[in-house]
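Note that the protein sequences, when read in sequence, are chains A and B.
Heads up, the first sequence is in the working numbering, so the first residue is 1 and it goes up one at a time.
Heads up, the second sequence is in the working numbering, so the first residue is 418 and it goes up one at a time.
Every residue gets a Cβ at the ideal spot worked out from N, C-alpha and C, and that includes glycine.
Remember, predicted model here, so these are calculated numbers, not experimental data.
Number of protein chains: 2
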Amino acid sequence: MTNWQRIPGGVTAPKGYRAAGMRAGLKPSGLPDLALIVSDVPAIAAGVFTTSQVRAACVDYCRQRLQAKSTAQAILCNAGQANAATGAQGWATVLEQAQIVSQSLEISADAVLVASTGVIGKQIPIEKIRAAVPELKTLLSETGSESASQAIMTTDLVPKTIALEAKLGDQTIRVGGIAKGSGMIHPNMATMLAFVTCDAAVSPHLWQEMVSQANDNSFNQITVDGDTSTNDSLIALANGQSRTPAITEPGPAADLLAGMLTEVCAYLAKSIARDGEGATCLLEVEVSGASDGAAARQVARTIAGSMLFKSAVFGRDPNWGRIAAAAGRAGVFFDQENLQIQLGDFLLMQRGQPLNYDKAAANAYLTHQAQLSNQGGQSVEHPVLVKVSIGQGPGTGRAWGCDLSYDYVKINAEYTT
Amino acid sequence: MTNWQRIPGGVTAPKGYRAAGMRAGLKPSGLPDLALIVSDVPAIAAGVFTTSQVRAACVDYCRQRLQAKSTAQAILCNAGQANAATGAQGWATVLEQAQIVSQSLEISADAVLVASTGVIGKQIPIEKIRAAVPELKTLLSETGSESASQAIMTTDLVPKTIALEAKLGDQTIRVGGIAKGSGMIHPNMATMLAFVTCDAAVSPHLWQEMVSQANDNSFNQITVDGDTSTNDSLIALANGQSRTPAITEPGPAADLLAGMLTEVCAYLAKSIARDGEGATCLLEVEVSGASDGAAARQVARTIAGSMLFKSAVFGRDPNWGRIAAAAGRAGVFFDQENLQIQLGDFLLMQRGQPLNYDKAAANAYLTHQAQLSNQGGQSVEHPVLVKVSIGQGPGTGRAWGCDLSYDYVKINAEYTT
């Protein structure tokens, strides 16, 4: 099924992209806070953005931009200030950000997309952007993805990056991505920034469709705390520099590209959930037997987001009652007599009835998965796996989350003070 | 407006009620865990129950009972086991619980309502109920409300109780209530047990309407962690023992009774939110300017339930950006240019724009409210008050929550292990 392989390089793995990150002095911490991703040529651009009524200026700007024109060539992203709840001045700032990049790169202003992350209600000090961009331009490189991925972090502990390559005929296509998350991670859409690059050639309509679908099965299915942010943005560029034939309609080539895109998004989504504030492990919830995929995803999301279940996982407590309770309140009808719950290899409930199981072994499973998922840095390869079936329907869906620890509270109680 | 006054006595303040609580050995802790509330005569009975697909046997039982017959005379409530996800045996248990009480009190079995709270998926040891009820009957008294309110607690720190009395003509009517909450507190319906007694005479249809409406403006508007339980039940009895004229249609008498009922429910709801697991203070969110009350309540609930905002309050951090973000994702349309946010007396945002305010003073306000709300035990009289306006509509609504502390995680990570 997987006809692709992992390669290094993130957003600069695909042909014809350069990226860079640097310190522009926007974060009080003095850490890198300004990133730029540039395609050598105008790329087909698609995006998915937060559904919140309170949106950052950059989100409204990108939405308008992508509605007017289906190509873009550069993405500027700052951390430190979200440019949300910043009114008319915030809108002027995003226009100026685009202008600064356009002048520096000598491309048209409407070829520049802008993303921001950070504190809500603070204006971005635009003079620092103006001062930094010329240097940022000189730092752009074909190996700059890592530096860019670090500059978009806020309370993230690790940068999130992936790239895949696959054969299309006897040529090669590549898809790469970077993301930031941590806190405010929840569906609609999963409250994060993700930038994806691709060197395949694809029609604008098909690309937007692929991006929306990949988003539904990845970023929209992660939850850290149920809070959707003002700034959620997934922006994906396809610049055709692989010189492969243009993908303009459904078929094997489109399936391959959509598969790679979904894999890139799912990996980044899992990395975001795994790095949820204070998290010690990744939760993966698989739901089957629903009437359709949307219903299954809804139940999966509700379980992955249950504070009680997340607290239980932090306590390494196989408290399946909280899984059942979360499934029951998801807003999806099912007959509780059909409910089946499995944790790892442990069948905990069948036909709505609790089963006898080895509680000490189930506890050890939770402890073991958490240990594995912390070996050699954060890993998304060893999630705590919950499988739930709610009936006989064909709908299946997955969601990802993390446990709820003391550190979540600590981080979020002390964020702005 | 308030034509009533507070009196002691809880559910036994109204005429013609007795109650008791005792240790039946259902809780591992050995604390009281079985409560009984009895009316001298059959009372008009109304209820509101959890909307979860995974419901306790006692919830299905009470729903069926109240659909078949609009009167009841006794409520048995146990803590320790929820009798949820317990299948056919759980159903047999609830029937037997009713049978045991009916035989002991010499009333018909269908006059007995049953509620449970505790661990999901564990069977109630029915022999302990059978052994305890005869003694519980001997303990019934007209001052037994306090003992009953203690026996329904799980992780609650304090019992929750209130009673009101008012003049109806030259006679007196009384409404009393007890409740338990803590954890899994959220709308639909607010995941708790509440029992309300009243000595007014009222028609069944009007009483159910009053109870549903009081619930919408109280228990459905509190949130501790977004988890709705399998066992949420509000049961309200009206036994007519005040000998006041029967209230059978809208008018001043109905308004008085509905007002008292809503006040009792709101007080209990706030007490539950204030006693949320690990909470250090009560949050009260008032939303105005919405298209209707339901929209306002929805926005208020979303803000009161935001993990990020709750964490900020625990950190005494006036982080209004998180209030704006929560309002924006509530699923209610509004123009962000109309958003206004006030914390206590501090106006933080107007027409969608952040204002300059004295952050140190706002921080001191949060600290002060938390101190006041912990003086002399838990108080609900000093909430952290958030006022949000989202437009020019007539809809207003309130919701209550609590801050999110380390102790929430601690309590819930260690609950069953």
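Check, Outcome
"DSSP beta-bridge partners of Met349/A", "Ile341/A and Pro354/A"
"Same chain, Cβ closer than 8 Å to Thr834/B, neighbours up to 5 away in sequence not counted", "Summary for Thr834/B: the model assigns pLDDT 36, below 50, so the residue's position carries little reliability; its value from the coordinates is reported in the next sentence. Around Thr834/B: no qualifying Cβ."
"Test: Gly9/A CB closer than 8 Å to a CB of chain B", "no"
"One or two residues paired with Arg739/B in a DSSP bridge", "DSSP, once it has assigned bridges, lists no residue as partnering Arg739/B."
"Chain B residues whose Cβ lies nearer than 9 Å to that of Trp320/A", "Ala502, Ile537 and Gly538"
"Min CB distance Asp33/A to chain B below 8 Å", "no"
"Alpha-carbon spacing of Ala236/A relative to Glu249/A, whole angstroms", "18 Å"
"Where Met601/B falls: helix, strand or coil (DSSP)", "With a pLDDT of 48 at Met601/B, under the threshold of 50, the modelled position of this residue cannot be trusted; read the value that follows with caution. It is coil, neither helix nor strand."
"Outcome for Ala273/A when other beta-carbon atoms lying within 10 angstroms are tallied against a minimum of 16", "buried"
"Closer than 9 Å at the beta carbon, the chain B residues around Asp421/A", "Missing from the structure shown is residue 421/A; chain A here goes from 1 to 417 and no further."
"Cβ pair Asn755/B, Ile807/B closer than 8 Å", "yes"
"Spatially closest choice to Ala473/B from Gly328/A, Val380/A and Asn83/A, by CA coordinates", "Gly328/A"
"Chain A contacts from the segment 710 to 731 of chain B (Cβ-Cβ distance under 7 Å)", "Ser723, Met724, Leu725, Ser728, Ala729 and Phe731"
"Distance between beta carbons of Leu610/B and Ser650/B, contact taken as under 8 Å", "6 Å"
"Cβ pair count under 8 Å reaching 3, the segment 257 to 267 of chain A against the segment 773 to 781 of chain B", "no"
"Residue interval of the alpha helix (DSSP H) (run including Pro42/A)", "Unbroken run through Pro42/A is the beta strand (DSSP E), Leu34 to Phe49; no alpha helix (DSSP H)."
"Within chain A, the residues that Phe750/B reaches when beta carbons sit closer than 8 Å", "Gln53"
"Same chain, Cβ closer than 6 Å to Ala13/A, five either side skipped, listed in chain order", "Ile7, Ala163, Arg174 and Gly176"
"C-beta atoms of Gln498/B and Lys539/B nearer than 8 Å", "yes"
"Residue span of the alpha helix (DSSP H) that contains Arg547/B, given as start and end", "Ile543 to Leu556"
"Outcome for Val536/B when other beta-carbon atoms lying within 10 angstroms are tallied against a minimum of 16", "buried"
"Chain B contact for Ile409/A (CB, 8 Å cutoff)", "In the sequence as presented, Ile is not what sits at residue 409/A; that position holds Val. Yes, its Cβ sits closer than 8 Å to a Cβ of chain B."
"Length of the line joining the Cα atoms of Leu105/A and Gly10/A", "22 Å"
"Nearest residue (CA-CA) to Pro252/A, options Asp33/A, Ala166/A and Tyr357/A", "Ala166/A"
"Between the CA atoms of Arg482/B and Arg435/B - distance to the nearest angstrom", "22 Å"
"Interface partners of Leu404/A on chain B, CB under 7 Å", "Val826"
"Within chain A, partners of Leu756/B - CB distance below 9 Å", "Gln53, Val54 and Ala85"
"Extent of the continuous beta strand (DSSP E) run through Cys494/B", "Thr488 to Gln498"
"Beta-bridge partners of Trp4/A, as assigned by DSSP", "Ala166/A"
"Lys410/A - partner residues in DSSP beta bridges", "Lys410/A pairs with nothing; no bridge assigned."
"CB of Val114/A within 8 Å of CB of Gln73/A, strictly", "no"
"Within-8 Å CB hit, Arg746/B to chain A", "yes"
"Whole-number beta carbon distance between Ala686/B and Phe636/B, since they are thought to touch under 8 Å", "5 Å"
"Of the residues Asn231/A, Ile341/A and Met260/A, the one placed nearest Val94/A, counting alpha carbons only", "Asn231/A"
"is_contact[Asn605/B, chain A] using C-beta, thresh 8 Å", "Reliability of the predicted coordinates at Asn605/B is poor, the pLDDT of 41 falling under 50, and the value obtained from them is presented with this limitation in mind. True, the Cβ-Cβ gap to chain A drops below 8 Å."
"Cβ shell of Leu577/B (< 6 Å), same chain only, five flanking positions each side left out", "Here residue 577/B is Lys; the residue named in the question, Leu, does not match the sequence. Excluding residues within five positions, the ones whose Cβ falls inside 6 Å are Ala596, Leu685 and Ser688."
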